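Note that our numbering gives residue 1197 to position 117 of the sequence shown, counting from 1, and the numbers run on in steps of one.
Glycine is no exception: its CB is placed at the ideal position from the N, C-alpha and C atoms.
Model, not experiment: these values are computed from the prediction.
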Amino acid sequence: MIPLCNLHTHSTFCDGKQTPEENVLAAIDKGLFSLGFSSHAPYGEHDKEGCLSAGNIEAYRREILRLKEKYSDRIEILLGIEQDYFSPTLEGEYDYVIGSVHYIKKDGAFVAIDHSYDRLKNGAERQFGADMTELCREYYRTVADVADKTDCDIIGHFDIVTKFNEKYLLFDENDSVYRNMALEAVDTLLESDRIFEVNTGAVSRGWRKHPYPSEFIIKRIVDKKGRLTLTSDAHNAEYLTYGFLDAAYYLKALGVKELWIYKSGGYETFSL
Ligand SMILES: [Zn+2]
Ligand SMILES: [Zn+2]
């Protein structure tokens, strides 16, 4: 019923709680057939916290490749990376890249989208005159360009701008202006034929009841025959498959029939 595979995993190389090897052992314990590591690539000069640095990116690559070899008879380990829209150009080979927007830039200043409610709210006040519609417009303009900018395989947490908006205190997610901005970005990315992730990370951390993206976005992806994968965006090895069963029911109810998984060196479908 649920794919025992997760391509979105953070470790002590960025902002995760456990070492990569502890994550591998937890994944084996949970019966996963594949586990992909996706440390945050350096964000850039505006934020040095919680991501790889230019100085430890090679150590990260070496460690994941060591684990890939060491546990090859028990689990398929993948060397991935989560490339932010503003991350410096990626160097070196990776099994896959997740392209994500964690910051937007307005008039030369950055606004952190998913760091905390206060940073988002302050950023909106500082750069957008507290106009959340304009902030969302800039967010989705950036998201629409994330595939071209990062050359990613997977689109990370498509509507993470809703992270601190569970009770619609920041903006109305039912508003047609908001929805059209999101749908335009979905349509642009669907043309680039990347895989969208259904991400349970905000559910495991108590921010949202449902995984990203929201229902109306998943329906558009289904209508246009886009591809989806299920990930946990785990920062804790306990949560490698957090919420996967609930997410599977959620997706089935929205008309999703299959997910894309990584197995034996490539992507294949998994029937829900
Ligand atoms: Zn992310
Ligand atoms: Zn992540």
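Quick check: is any heavy atom of ligand 2 less than 7 Å from the C-beta of tyrosine 1196?
Here residue 1196 is serine; the residue named in the question, tyrosine, does not match the sequence. No, since every heavy atom of ligand 2 falls outside the 7 Å radius drawn around the Cβ of serine 1196.
Counting only the same chain and skipping the five closest in sequence on each side, list residues whose C-beta sits under 8 Å from that of serine 1312.
Asn1086, His1088, Thr1089, Asn1279, Thr1280, Gly1281, Ser1284, Tyr1319, Leu1320, Thr1321, Tyr1322, Gly1323 and Phe1324
Quick check for students: name the residue ranges of the alpha helix (DSSP H) that lie wholly in the stretch 1229–1313, counting only runs of 4 or more.
1256–1271, 1281–1284 and 1295–1303
In three-state DSSP terms, what is phenylalanine 1324?
In the structure shown, phenylalanine 1324 sits in a helix (DSSP, three-state: H, G or I).
Quick check: does the Cβ of serine 1312 come within less than 7 Å of any heavy atom belonging to ligand 2?
no
At a threshold of 7 Å, does serine 1118 count as lining ligand 2 (C-beta to nearest heavy atom)?
yes
As a quick check of your reading: which residues have a C-beta less than 6 Å from at least one non-hydrogen atom of ligand 1, in chain order?
The set of residues with any CB-heavy atom separation to ligand 1 below 6 Å comprises, in chain order, Glu1162, Ser1180, His1182, Gly1236 and His1237.
With a threshold of 16 other CB atoms inside 10 Å of the CB of valine 1257, please say whether the residue is buried or exposed.
Burial check for valine 1257: the Cβ neighbour count within 10 Å stays below 16, so the residue is exposed.
Which of the three DSSP states, helix, strand or coil, is assigned to glycine 1179?
strand
May I ask which residues mark the beginning and end of the alpha helix (DSSP H) holding threonine 1369?
Not covered by the structure: residue 1369. The range shown for the chain is 1081 to 1352.
Using C-beta distances below 7 Å, list every residue in its chain close to lysine 1186, excluding the 5 sequence neighbours before and after it, in chain order.
For lysine 1186, where only same-chain residues beyond five positions count, the Cβ hits under 7 Å are Gln1207, Phe1208 and Glu1218.
Unbroken beta strand (DSSP E) runs of length 3 or more, entirely within the stretch 1151–1198: which are they?
1156–1164, 1176–1180, 1183–1186 and 1189–1192
Report back the beta-carbon spacing between lysine 1148 and isoleucine 1157 to the nearest angstrom; my notes put them in contact at under 8 Å.
4 Å
In whole angstroms, what is the alpha-carbon distance linking threonine 1092 and leucine 1270?
When the Cα atoms are used, threonine 1092 and leucine 1270 turn out to be separated by approximately 33 Å.
For lysine 1201, which of helix, strand or coil comes out of DSSP?
Correct three-state label for lysine 1201: helix.
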